[in-house]
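> Heads up: the protein sequence lines correspond to chains W and E, in order. Throughout the first sequence, residue numbering follows the UniProt record's numbering, covering 1 to 380 in sequence. Throughout the second sequence, residue numbering follows the UniProt record's numbering, covering 1 to 595 in sequence.
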Amino acid sequence: MSTQVTVKDGRLAVEGLVKTFKSSKGEAEDVVRAVDDVSLSVEPGRLLTLLGPSGCGKTTTLRCVAGLEHPNQGEIAVGERVLFSSSKGVRLPANQRGLGMVFQSYAIWPHMNVRKNVSFPLRARRGKDRLSRKEITERADRALAVVQLDHLATRPATDLSGGQQQRLALARALVMQPPLLLLDEPLSNLDAKLREDMRFELKRLQRDLGVTTVYVTHDQVEALAMSDVIAVMSNGKVEQMGRPTDIYNNPRSRFVADFVGTTNLIAGEVESREGDRYVVTTPQGRLAARSPGDLATGAQVIVSVRPEHIQVAEGEASTSAPGVWNGTIANRAFLGDAVDHLVSVGDFTVRTRCNPSIRFSRDSAVHLTFPSEHCSLLPA
Amino acid sequence: MTETLQQLPPVGPTEPGEPPRIGPDPARWRRVRIGSGMLRNLLRPSNLIVLVCVLLVAYFVLVPLLYLLYGTFYDGRTITFRFFEEAYSAVGLTEMWRNTLMYAIGSTVLSVTIGTTLAYLTVRTDIPFKGLIFATALIPLVVPGILNTIAWIFLLSPRIGIINSWLEPIFGAGAINIYSIGGMIFVEGLGSTPLVFLLMYAAFRSMDPALEESALMSGASLWRTVRTVTLPLVRPALYTCALIMLVSGLESFEVPALLGIPVNEWVLTSRIWEALGHFPPRTGEAGAIATTLLVIAAAGVLWQSRLQRKSRAFQTVSGKGFRPRPMELGKAKPFVLTGLLLYFAIAVVLPLLTLIYASLQPYYQVPSRASLSALTLDNYRDLVSDGPSVNAIVNSFSLSLTAATCVMFLVAVVAWVVIRTNLFGRNILDSLTFLPLMIPGLVLGVSLLYVYLRFPLPIYATWWILLIAYFTKSIPIGMRYASASMYQIGGELEESANTSGATWWQTFRWVTLPLLFPGLLGGWIYLVVGLIRELSASLLLYSPGNEVISVRIWEMWSDGSFTEIAAFGMVMVGVLMVLVLIARKLGANIGVGLK
Ligand SMILES: Nc1ncnc2c1ncn2[C@@H]1O[C@H](COP(=O)(O)OP(=O)(O)O)[C@@H](O)[C@H]1O
Ligand SMILES: [Mg+2]
Chain W
1 MSTQVTVKDG
11 RLAVEGLVKT
21 FKSSKGEAED
31 VVRAVDDVSL
41 SVEPGRLLTL
51 LGPSGCGKTT
61 TLRCVAGLEH
71 PNQGEIAVGE
81 RVLFSSSKGV
91 RLPANQRGLG
101 MVFQSYAIWP
111 HMNVRKNVSF
121 PLRARRGKDR
131 LSRKEITERA
141 DRALAVVQLD
151 HLATRPATDL
161 SGGQQQRLAL
171 ARALVMQPPL
181 LLLDEPLSNL
191 DAKLREDMRF
201 ELKRLQRDLG
211 VTTVYVTHDQ
221 VEALAMSDVI
231 AVMSNGKVEQ
241 MGRPTDIYNN
251 PRSRFVADFV
261 GTTNLIAGEV
271 ESREGDRYVV
281 TTPQGRLAAR
291 SPGDLATGAQ
301 VIVSVRPEHI
311 QVAEGEASTS
321 APGVWNGTIA
331 NRAFLGDAVD
341 HLVSVGDFTV
351 RTRCNPSIRF
361 SRDSAVHLTF
371 PSEHCSLLPA
Chain E
1 MTETLQQLPP
11 VGPTEPGEPP
21 RIGPDPARWR
31 RVRIGSGMLR
41 NLLRPSNLIV
51 LVCVLLVAYF
61 VLVPLLYLLY
71 GTFYDGRTIT
81 FRFFEEAYSA
91 VGLTEMWRNT
101 LMYAIGSTVL
111 SVTIGTTLAY
121 LTVRTDIPFK
131 GLIFATALIP
141 LVVPGILNTI
151 AWIFLLSPRI
161 GIINSWLEPI
171 FGAGAINIYS
181 IGGMIFVEGL
191 GSTPLVFLLM
201 YAAFRSMDPA
211 LEESALMSGA
221 SLWRTVRTVT
231 LPLVRPALYT
241 CALIMLVSGL
251 ESFEVPALLG
261 IPVNEWVLTS
271 RIWEALGHFP
281 PRTGEAGAIA
291 TTLLVIAAAG
301 VLWQSRLQRK
311 SRAFQTVSGK
321 GFRPRPMELG
331 KAKPFVLTGL
341 LLYFAIAVVL
351 PLLTLIYASL
361 QPYYQVPSRA
371 SLSALTLDNY
381 RDLVSDGPSV
391 NAIVNSFSLS
401 LTAATCVMFL
411 VAVVAWVVIR
421 TNLFGRNILD
431 SLTFLPLMIP
441 GLVLGVSLLY
451 VYLRFPLPIY
461 ATWWILLIAY
471 FTKSIPIGMR
481 YASASMYQIG
491 GELEESANTS
501 GATWWQTFRW
511 VTLPLLFPGL
521 LGGWIYLVVG
531 LIRELSASLL
541 LYSPGNEVIS
551 VRIWEMWSDG
561 SFTEIAAFGM
571 VMVGVLMVLV
581 LIARKLGANI
591 GVGLK
């Protein structure tokens with residue numbers, strides 16, 4: 001794909017953003033802190049994902065950047081341009097920010113055809129920014145070509161399928177060559193197969209165009225697959241921000257470990273420490289784990305281990321070293337590309353994931369090995 | 001209260017379009033904040049438009065009401081209840097109240113029963129000819145109340161009634177007397193059935209058919225399902241509908257005037273009319289009765305909105321875009337179909353045929369071989385050269401087209417303000433648009449007389465005072481249409497225009513208005529038709545030369561020109577039907593809706 005639609009690059013900086021809503025329920029003046037002191041920064045051309053469960057404030061954050069919500073506090077800047085600043089009293093209206101946005105519902109105008117939809121941002125220009133009719137059509141068609149909808153330019157927008165509407169919305173957001181692209185769960189209305197295709201398509205387009213992007217999703221698989229940087233949000237706060245591998249392998253809180261991917265969370269107490277290596281006692285047995293943090297012996301902790309990192313082997317273990325537990329297979333689930341075993345260790349259940357060629361029958365005795373480099377210690 | 005008001009189903013012939021697709025996390029209606037930044041730029045054109053619209057609504061709604069209260073409680077010197085004493089010391093008061101209640105309740109029961117049955121049959125059963133049923137059920141909507149009443153006088157008057165003349169050999173002369181409370185209930189009830197039909201049609205359409213189907217799967221019979229599942233589910237809509245009918249029964253004027261006054265059966269509205277008929281008019285007394293009516297109507301409307309608030313949990317609207325499988329009528333089908341035909345024959349065909357027949361007669365007579373062989377088009381020919389009639393048509397159309405068009409634009413802006421902004425006072429604004437619904441036509445007429453008798457500009461006794469009345473009367477219904485369609489279009493459609501760089505006015509013109517258009521057009525048709533039928537306010541406000549169609553029919557009735565009325569009425573019904581067809585066709589072409 002050629003980069004015919006060139007995009008101004010922009011660095012997004014969000015500082016101390018706060019947005020509260022009055023709760024609609026009840027008479028009492030209840031205030032919901034939908035966005036609670038959020039700071040983000042995205043390097044030019046990168047894709048940042050806001051990841052979190054429904055209601056954690058992702059959309060509100062995005063809408064504050066877009067200018068559709070009026071934040072209570074904070075500062076938002078794209079490149080050199082300050083879009084919002086509570087301290088300087090700056091608030092640019094949404095229609096002067098020049099950002100591209102794709103809404104969750106796509107917000108395709110049903111009374112316009114495909115080209116009219118795309119050219120709208122160009123037609124809305126006033127004064128000296130006005131474009132000639134010819135130029136408007138050209139640029140609209142170029143944007144359509146980028147998303148491969150140019151052959152449908154004169155169709156009514158309502159004739160398009162879900163995936164096409166989604167691409168149309170994208171073309172409309174890109175046609176002004178915005179410094180920043182905002183996407184609010186753009187794939188959530190598509191069916192599973194199409195969603196996977198679009199995931200790669202979107203990522204490729206974003207990289208080709210080099211447009212700085214903020215992507216909102218509650219789907220961790222999507223976030224891991226697409227992002228340069230992920231910000232995991234919960235209750236209006238950013239819990240952890242980092243590269244996808246960081247987030248996945250070194251979660252810094254129980255919430256992040258639990259929300260991103262599947263994991264086993266095992267509560268215990270620090271028994272001893274040697275550098276960054278710890279031994280943890282749990283009701284099920286002892287574990288060896290690593291943590292960059294500073295934890296005293298006797299501290300309550302949670303050990304997080306991903307199912308795919310636990311090795312399962314037949315029979316009882318011959319050692320009593322930390323990180324090796326005996327158990328019995330309680331249940332098995334075939335997932336196609338993997339097989340999950342639920343292993344009972346006392347009254348605790350450990351989820352493991354291995355290659356489908358490995359199968360254990362129900363009730364058979366096994367032993368589990370927890371590699372210390374994959375056991376993360378989290379504050380309890 | 002304001003929120004519940006918006007829950008009112010749209011009143012009228014368009015069905016709400018399919019809402020734009022919304023993801024699993026349904027978009028909330030986001031409000032645009034008009035903050036201090038915008039207020040600073042108060043003089044920007046967009047804000048001026050909004051401001052002007054808000055002021056217009058306040059002016060049109062509040063001024064007549066305040067003047068009415070002023071004129072009723074102030075006799076020029078002191079605050080007084082004198083007019084109430086005069087109004088309520090008249091003889092026959094208990095009887096009037098009894099009549100009023102019997103009339104309003106009776107006609108409500110009749111129209112709600114028939115209208116709901118018709119709606120259920122058309123929406124949810126496998127009855128054939130649904131399109132035809134839908135169209136036929138709506139025909140009475142374009143027949144003005146006064147014309148309908150006159151048609152029934154032709155049919156059921158003890159002296160000249162056609163049906164009575166057929167029944168005479170068996171039951172003796174004047175077997176059925178239309179000049180009675182029973183007759184009034186009958187005519188008013190049939191006349192308001194189409195409105196019930198429309199309201200309940202919408203209610204049944206929005207019900208999730210799976211609820212009924214699961215009752216069927218549990219082994220319930222059709223009748224049991226209707227009784228135990230369907231009716232309880234639409235109960236909120238049913239109550240709303242009954243209350244609207246009750247209030248409109250209380251406010252109706254044509255039927256009590258034509259059928260009640262000649263036999264001294266008085267109701268509230270005819271008493272107002274009587275009080276104004278004296279010379280000099282007893283406006284204080286009329287105001288006192290009008291205030292009573294206003295209070296009753298207001299109580300009804302408030303009660304209804306309370307009911308609706310309580311029943312919020314009941315709302316069953318779900319699954320969009322479903323294709324409900326109709327309920328099978330089975331063996332009952334022939335009987336149901338026969339009943340339906342009978343209803344249409346009586347309620348629609350008979351009055352229309354009577355009018356057509358009468359319009360073709362040189363003078364009114366009961367049909368006979370002789371009269372049927374003496375058909376003539378003279379009445380229609382005379383109509384063309386009858387100055388006042390032609391003038392009335394011109395006035396009616398110019399007034400209702402102007403009023404409907406202006407009101408629809410006004411309410412589009414107002415609905416936007418109420419739904420999409422958090423402007424201070426938007427809830428009050430919403431309630432204001434609702435107020436005129438509680439003002440009966442006669443009362444509106446009385447209050448506008450009060451206002452513009454004292455007004456410095458020459459508006460009294462001109463075309464303009466009628467326009468103002470029509471304008472005021474149209475605001476509530478127009479607003480219901482506009483806000484219903486505003487709720488249908490997702491806020492994101494406007495927001496994406498906003499992020500695309502469009503200004504408020506660009507967004508409103510290019511996105512909001514076109515998307516609202518089908519809903520606005522539906523409201524516009526409904527208003528035009530309703531305004532052309534309007535009689536009671538016009539009757540108080542017209543002046544010679546400014547007669548409208550319904551007033552002209554009233555005059556001709558007083559002159560005894562029965563056959564001319566019939567011809568005039570037929571022309572008007574024909575024109576209205578064509579108008580509705582054109583408008584609907586236009587709407588279908590322009591109408592949009594995401595698949
Ligand atoms: N317009 C609003 N009025 C009141 N509360 C709101 C509004 N918008 C969002 N909220 C609240 O703010 C919180 C975050 O919402 P949102 O940003 O939409 O979450 P997400 O997109 O992560 O699912 C929720 O608790 C939601 O109820
Ligand atoms: Mg969201």
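All residues carry an ideal CB built from backbone N, CA and C; glycine is no exception. Just so it is clear, the structure is predicted and the values come from calculations on it, not from any experiment.
Quick check: is any heavy atom of ligand 1 less than 6 angstroms from the C-beta of Cys56 (chain W)?
As a position in the first sequence, residue 56 (chain W) is number 56, starting the count at 1. Under cutoff, so the answer is yes.
> What residue does the beta strand (DSSP E) around Ile76 (chain W) start on, and which one ends it?
Working through the first sequence from its first residue, we reach residue 76 (chain W) at position 76. Gln73 to Val78 is the span of the beta strand (DSSP E), which, as asked, contains Ile76 (chain W).
> Any beta-carbon of chain E closer than 7 angstroms to the one on Thr217 (chain W)?
For the purposes of this step, residue 217 (chain W) is taken as the residue at position 217 of the first sequence. Not an interface residue.
> Are the CB atoms of Gly260 (chain E) and Ser270 (chain E) within a distance shorter than 7 angstroms?
Along the second sequence, read from residue 1 onward, the residue named residue 270 (chain E) stands at position 270. Along the second sequence, read from residue 1 onward, the residue named residue 260 (chain E) stands at position 260. Yes, Cβ-Cβ distance for Ser270 (chain E) and Gly260 (chain E) is below 7 angstroms.
> Do Pro179 (chain W) and Val78 (chain W) have their beta-carbon atoms positioned less than 7 angstroms apart in this structure?
Residue numbering aside, residue 78 (chain W) sits at position 78 when the first sequence is read from its first letter. Residue numbering aside, residue 179 (chain W) sits at position 179 when the first sequence is read from its first letter. For Val78 (chain W) and Pro179 (chain W), yes; Cβs fall inside 7 angstroms.
> Is DSSP giving Pro280 (chain E) helix, strand or coil here?
As a working mapping, residue 280 (chain E) is identified with position 280 in the second sequence. Coil at Pro280 (chain E), not helix or strand.
> If I measure Cβ to Cβ from Trp524 (chain E) and keep anything under 6 angstroms in the same chain, skipping five residues before and after, which residues do I get?
For the purposes of this step, residue 524 (chain E) is taken as the residue at position 524 of the second sequence. Here the set comprises Ala404 and Met408.
> Please list, in chain order, the residues of the stretch 499-532 of chain E that have any C-beta partner in chain W closer than 9 angstroms.
Listed by position along the chain: Thr499, Ser500, Gly501, Ala502, Thr503, Trp504, Gln506, Thr507, Trp510, Val511, Pro514, Leu515 and Phe517.
> Measure the alpha-carbon distance for Val571 (chain E) versus Gly491 (chain E) and round it to whole angstroms.
Numbered from its first residue, the second sequence carries residue 571 (chain E) at position 571. Numbered from its first residue, the second sequence carries residue 491 (chain E) at position 491. Taking the straight line joining both Cα atoms gives about 44 angstroms.
> Closer than 7 angstroms by C-beta to Val123 (chain E): which residues in its own chain qualify, once you throw out the five before and the five after it? Chain order, please.
Here residue 123 (chain E) refers to the residue found at position 123 when the second sequence is read from its first residue. Excluding positions up to five away in sequence, the list reads Tyr201, Phe204 and Arg205.
> Assuming Ile329 (chain W) contacts Ser361 (chain W) (C-beta within less than 8 angstroms), just tell me the rounded distance between them.
As a working mapping, residue 329 (chain W) is identified with position 329 in the first sequence. As a working mapping, residue 361 (chain W) is identified with position 361 in the first sequence. Confirmed, about 7 angstroms.
> Along chain A, in chain order, which residues have C-beta atoms closer than 7 angstroms to that of Arg204 (chain W)?
Absent here is chain A; the protein component of the structure consists of chains W and E.
> Taking Cβ to Cβ, would you say Leu144 (chain W) is nearer than 7 angstroms to Val118 (chain W)?
To locate residue 144 (chain W), count along the first sequence from 1; it is residue 144. To locate residue 118 (chain W), count along the first sequence from 1; it is residue 118. Their beta carbons are under 7 angstroms apart, which means Leu144 (chain W) touches Val118 (chain W) by this criterion.
> Quick one: what's got a C-beta closer than 6 angstroms to Val82 (chain W)'s C-beta in the same chain, skipping five residues either side?
Position 82 of the first sequence, counted from the start, is the residue given in the question as residue 82 (chain W). Around Val82 (chain W): Val90.
> Exposed or buried, which one is Glu69 (chain W) when buried takes at least 16 other CB atoms within 10 Å?
To locate residue 69 (chain W), count along the first sequence from 1; it is residue 69. Glu69 (chain W) should be labelled buried.
> Let me make sure I understand the geometry here. Which of W:Gln284, W:Arg273, W:Glu316 and W:Glu314 has the alpha-carbon closest to that of Thr297 (chain W)?
Your numbering for residue 297 (chain W) matches position 297 in the first sequence. That would be W:Arg273, whose Cα lies nearest to the Cα of Thr297 (chain W).
> Under 7 angstroms between C-beta atoms, does residue 603 (chain E) make it to chain W?
This structure does not reach residue 603 (chain E), given that chain E is present from 1 up to 595, and the question cannot be answered.
> CB Pro334 (chain E) to CB Asp126 (chain E), shorter than 7 angstroms?
One-based indexing of the second sequence puts residue 334 (chain E) at position 334. One-based indexing of the second sequence puts residue 126 (chain E) at position 126. No, Cβ-Cβ distance for Pro334 (chain E) and Asp126 (chain E) is not below 7 angstroms.
> When you compare each of E:Trp223, E:Tyr363, E:Tyr103 and E:Ile163 to Glu188 (chain E) by their alpha carbons, which one comes out closest?
Indexing the second sequence from 1 puts residue 188 (chain E) at position 188. Cα-wise, what sits closest to Glu188 (chain E) is E:Tyr103.
> Do Ala153 (chain W) and Arg123 (chain W) come within 7 angstroms of each other at the CB atom, strictly closer than that value?
Stepping through the first sequence from its first residue, residue 123 (chain W) is reached at position 123. Stepping through the first sequence from its first residue, residue 153 (chain W) is reached at position 153. Going by C-beta atoms, Arg123 (chain W) is not nearer than 7 angstroms to Ala153 (chain W).
> Mapping DSSP to helix, strand and coil, what is Tyr363 (chain E)?
Here the question's residue 363 (chain E) lines up with position 363 in the second sequence. Coil.
> Alpha carbon to alpha carbon, how far is Val260 (chain W) from His367 (chain W)? Give it in angstroms, no decimals.
Position 367 of the first sequence, counting from 1, holds the residue named residue 367 (chain W). Position 260 of the first sequence, counting from 1, holds the residue named residue 260 (chain W). Approximately 27 angstroms, taken between the alpha carbons.
> Considering only residues of the same chain and omitting the five flanking positions on each side of Ser359 (chain E), which have a CB-CB separation below 6 angstroms?
Here residue 359 (chain E) corresponds to residue number 359 of the second sequence, with the count starting at 1. The answer, listed in chain order, is Asn379, Ala566, Ala567 and Met570.
> Taking its Cβ as the centre, do 16 or more other Cβ atoms sit within 10 Å of Leu66 (chain E), making it buried, or is it exposed?
By 1-based counting over the second sequence, the position of residue 66 (chain E) is 66. Leu66 (chain E) is exposed by the Cβ-count criterion.
> At least one CB of chain E closer than 7 angstroms to the CB of Ser87 (chain W): is that the case?
The sequence position of residue 87 (chain W) within the first sequence is 87, counting from 1. No, Ser87 (chain W) lies away from the interface with chain E (no Cβ there is under 7 angstroms from its Cβ).
> Examine the Cβ distances between the stretch 226-233 of chain W and the stretch 38-49 of chain W and report whether three or more of them are shorter than 8 angstroms.
Yes: the two stretches touch, three or more of their Cβ pairs being nearer than 8 angstroms.
> Verify the contact flag: Thr59 (chain W), CB atom, against every heavy atom of ligand 2, threshold strictly below 6 angstroms.
The residue labelled residue 59 (chain W) in the question sits at position 59 within the first sequence. For ligand 2, at least one heavy atom lies less than 6 angstroms from the Cβ of Thr59 (chain W).
> Between Leu493 (chain E) and chain W, is there a C-beta pair that is closer than 7 angstroms?
Counted from its first residue, the second sequence places residue 493 (chain E) at position 493. So yes, Leu493 (chain E) belongs to the interface.
> Looking at Val142 (chain E) and Val573 (chain E), is the spacing between their C-beta atoms short of 7 angstroms?
By 1-based counting over the second sequence, the position of residue 573 (chain E) is 573. By 1-based counting over the second sequence, the position of residue 142 (chain E) is 142. Yes, these two residues count as a Cβ contact at 7 angstroms.
> Does DSSP put Gln240 (chain W) in a helix, a strand or coil?
Start at 1 with the first residue of the first sequence, and residue 240 (chain W) comes out as number 240. Three-state result, Gln240 (chain W): strand.
> Against Gly490 (chain E), what residues of chain W qualify as contacts under a CB-to-CB distance less than 7 angstroms, listed in chain order?
One-based indexing of the second sequence puts residue 490 (chain E) at position 490. Residues of chain W passing the Cβ test: Ser105 and Ala107.
> Using Cβ-Cβ distances below 9 angstroms, what residues of the stretch 62-75 of chain W are close to chain E?
Answer in chain order: Arg63, Ala66, Gly67, Leu68, Glu69 and His70.
> Since Glu269 (chain W) is in the beta strand (DSSP E), which residue starts that stretch and which ends it?
The residue given as residue 269 (chain W) occupies position 269 in the first sequence. Start and end: Asn264 to Glu274.
> At a CB-CB cut-off below 7 angstroms, which residues of chain E make contact with Gly98 (chain W)?
Within the first sequence, the letter at position 98 stands for residue 98 (chain W). Simply Gly501.
> Can you list, in chain order, the residues of its chain with a C-beta nearer than 7 angstroms to that of Val366 (chain E)? Leave out the 5 residues immediately preceding and following it.
Here the question's residue 366 (chain E) lines up with position 366 in the second sequence. Correct list, in chain order: Ile160, Ile162 and Ser165.
> State the DSSP-derived secondary structure class of Thr20 (chain W), mapped to helix, strand or coil.
As a working mapping, residue 20 (chain W) is identified with position 20 in the first sequence. Residue state, collapsed to three classes: strand.
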